[in-house]
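Novice: One rule links them: number in our numbering = place in the sequence shown (from 1) + 5.
C-beta atoms are modelled at their ideal positions from N, C-alpha and C, and glycine is treated no differently.
Keep in mind it's a predicted model, so treat the numbers as computed, not measured.
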Amino acid sequence: MRLGAAAMQANRYNDAEREYRKVVTVAPENPEGHLNLGLVLLREARVQEAIASLEKAARLEPKLPGPHMFLAIAYFEAGRLDSAKKAVDEELILTPNNVQALTLAGTIAMAMDDPEVAVPPLDRASRLSSDDLDLLDLRGRAYQAVAKKIYQRMYQLAPDSWQVHQARARLYDDDRRYKEAADEYEAASAKNPEDLNLYDQLALEYRHLGNLDAVERTFAREKSIAPDDPRALLNLGSIQIERGRASEGLPLVKQALAAEPGNARAYYYLGRGLADTGNDADAVAALERYLAMEPEGDLREQTYYTMARLYRNLQKPNDARKALDEFQRLKQERDAREKQQVDAFRKQ
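(1) Assign V45 to one of two classes, buried (16 or more other C-beta atoms within 10 Å of its C-beta) or exposed (fewer than that).
(2) Between the segment 192-204 and the segment 227-234, can you find at least three pairs of beta-carbon atoms closer than 8 Å?
(3) Which same chain residues, not among the five before or five after A261, have their C-beta less than 8 Å away from its C-beta?
(4) For S135, is the classification buried or exposed, using 16 other Cβ atoms within 10 angstroms of its Cβ as the cut-off for buried?
(5) Relative to the alpha-carbon of E293, which residue among D281, G283, L279 and M312 has its alpha-carbon at the smallest distance?
(6) Taking C-alpha atoms, which residue in N41, A55 and Y274 lies nearest to G249?
(7) Spatial neighbours of T308 within its chain, please: C-beta separation below 7 Å, excluding the five flanking residues on both sides.
(8) If we count the other Cβ atoms within 10 Å of its Cβ and call it buried at 16 or more, is D165 buried or exposed?
(9) Residues in the same chain with beta-carbon distance under 7 Å from A231, minus the five sequence neighbours each way, listed in chain order, please.
(10) For a test of the three-state rule: what should DSSP assign to T100, helix, strand or coil?
(11) Would DSSP call S243 helix, strand or coil?
(12) Counting Cβ pairs, one atom from each stretch, are 3 or more of them under 8 Å apart for the segment 106-126 and the segment 150-158?
(13) Going by DSSP, what residue range makes up the alpha helix (DSSP H) through Q206?
(14) Identify every run of the beta strand (DSSP E) within the segment 293-333, keeping only runs that are complete inside it and at least 3 residues long; order them along the chain.
(15) Report all residues from its chain with a CB closer than 8 Å to the CB of K336; omit the five preceding and five following residues, and keep chain order.
(16) May I have the straight-line CA-CA distance separating V31 from K90, to the nearest angstrom?
(17) Alpha carbon to alpha carbon, how far is Y211 from A187?
(18) When the cut-off is 7 Å and only beta carbons count, does A193 lie next to chain D?
(19) Kindly indicate which three-state DSSP category G145 falls into: helix, strand or coil?
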């Protein structure tokens, strides 16, 4: 056994095989001898002979860790996927946290075109070995395959349903094909006009395309469907304020706030609208309220820029300078993040 192990470590497989054959001749009931002989034969690509040795090891000691997993590998290489699955399942009963066995279970399931079965062991393996790039890649492919099967089934059941159009839109959005995504969301919203989420997603696609007219039309449709819904009111009011028509948007934002007093985003647009209509002090109060409610909000940079201008109008130079300093700090952080993203993209 020691001579065989030394030969294996030195990649002298012929010598290792010779020594392990001596072991199984002298001690034919020794499971580890058959296991090691099977491993040598597997390394030598003598798969059928390896299977025979590994099966013998598994029969002699069913609870010995190792034989079942390597038997699964041998079965897999021989194209015997059902046997490979059974063997790796037996190994996982013995060693449930074995990353190699979990990964093998996922690999076998993927080869059997059963990604739903592949996902759980790959998820577990990934939790145990979170930085393994090959494992992460296999896990990602399993999830993609699951999604593909789901979408295929949806299409088989109802090819022109709003759910299928929505699913297509998401796929187009992932590929940054915003025009096609918008077309699919249009089709989805036409078939399911009561779902307000579809209008929000559709408006986002039009924003990607820089088509603010279409964004406003989409939010107007949303408000016509749900005239008293705070989200619909805020969506339409905010785009009108963004487009320089604060007198139209402000009443809608105030109506949204009356229905949802804790809506931080509404305070931001209230401040923007009041600023555009010359109500500087009230605008500052609304923007300060937004900052208090959303200390990490995505609109903070624009908020501080607007407040710097308002403080100057109100003859508060110290406050204006502090707001401008905070705006510049946030802008520098954003610029640094964007540079990192660009650099990472170029390295790919």
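Specialist: Result, derived from the coordinates:
(1) What you label residue 45 is simply residue 40 of the sequence shown in a count that begins at 1. Flag for V45 reads buried.
(2) Between the segment 227-234 and the segment 192-204, the count of Cβ pairs shorter than 8 Å is three or higher; the stretches touch.
(3) For this step, residue 261 is matched to residue 256 along the sequence shown. Same-chain partners within the cutoff: P235, R236, L238, L239, G242, N268 and A271.
(4) Within the sequence shown, residue 135 is the residue found at index 130, counting from 1. Note on S135: under 16 other CB atoms within 10 angstroms of its CB, so exposed under the neighbour-count rule.
(5) Counted from its first residue, the sequence shown places residue 293 at position 288. Out of D281, G283, L279 and M312, the CA that lies nearest to the CA of E293 is found in M312.
(6) Residue 249 sits at position 244 when you count from the first residue of the sequence shown. Shortest Cα-Cα distance from G249 to any of N41, A55 and Y274 involves Y274.
(7) By 1-based counting over the sequence shown, the position of residue 308 is 303. Shown here for T308: same chain residues with a beta carbon closer than 7 Å to its own, the five before and five after excluded, namely Y273, L292, Y295 and L296 in chain order.
(8) The residue given as residue 165 occupies position 160 in the sequence shown. D165 sits exposed, since fewer than 16 C-beta atoms from the chains shown fall within 10 Å of its C-beta.
(9) Here residue 231 refers to the residue found at position 226 when the sequence shown is read from its first residue. Scanning its chain for C-beta atoms nearer than 7 Å, with the 5 sequence neighbours on each side dropped, one finds around A231 the residues L201 and A237, in chain order.
(10) Within the sequence shown, the letter at position 95 stands for residue 100. DSSP places T100 outside both helix and strand once states are collapsed to three, so it counts as coil.
(11) If you number the sequence shown from 1, residue 243 lands on position 238. Looking at S243 - three-state DSSP - the assignment turns out to be helix.
(12) The answer is yes - the segment 150-158 touches the segment 106-126, with three or more Cβ pairs under 8 Å.
(13) Against the sequence shown, residue 206 aligns to sequence position 201. Note, Q206: alpha helix (DSSP H), L201 to H213.
(14) Whole beta strand (DSSP E) segments, 3+ residues: zero.
(15) Position 331 of the sequence shown holds residue 336. Taken in chain order, the residues that qualify are E306.
(16) Here residue 31 corresponds to residue number 26 of the sequence shown, with the count starting at 1. Here residue 90 corresponds to residue number 85 of the sequence shown, with the count starting at 1. When only Cα atoms are considered, V31 and K90 end up about 33 Å apart.
(17) For this step, residue 211 is matched to residue 206 along the sequence shown. For this step, residue 187 is matched to residue 182 along the sequence shown. Annotation: Y211 to A187 spans about 7 Å, alpha carbon to alpha carbon.
(18) Absence of chain D from the displayed structure is noted, only one protein chain being present.
(19) As a working note, residue 145 is residue 140 in the sequence shown. In the displayed model, G145 falls within a helix according to three-state DSSP.
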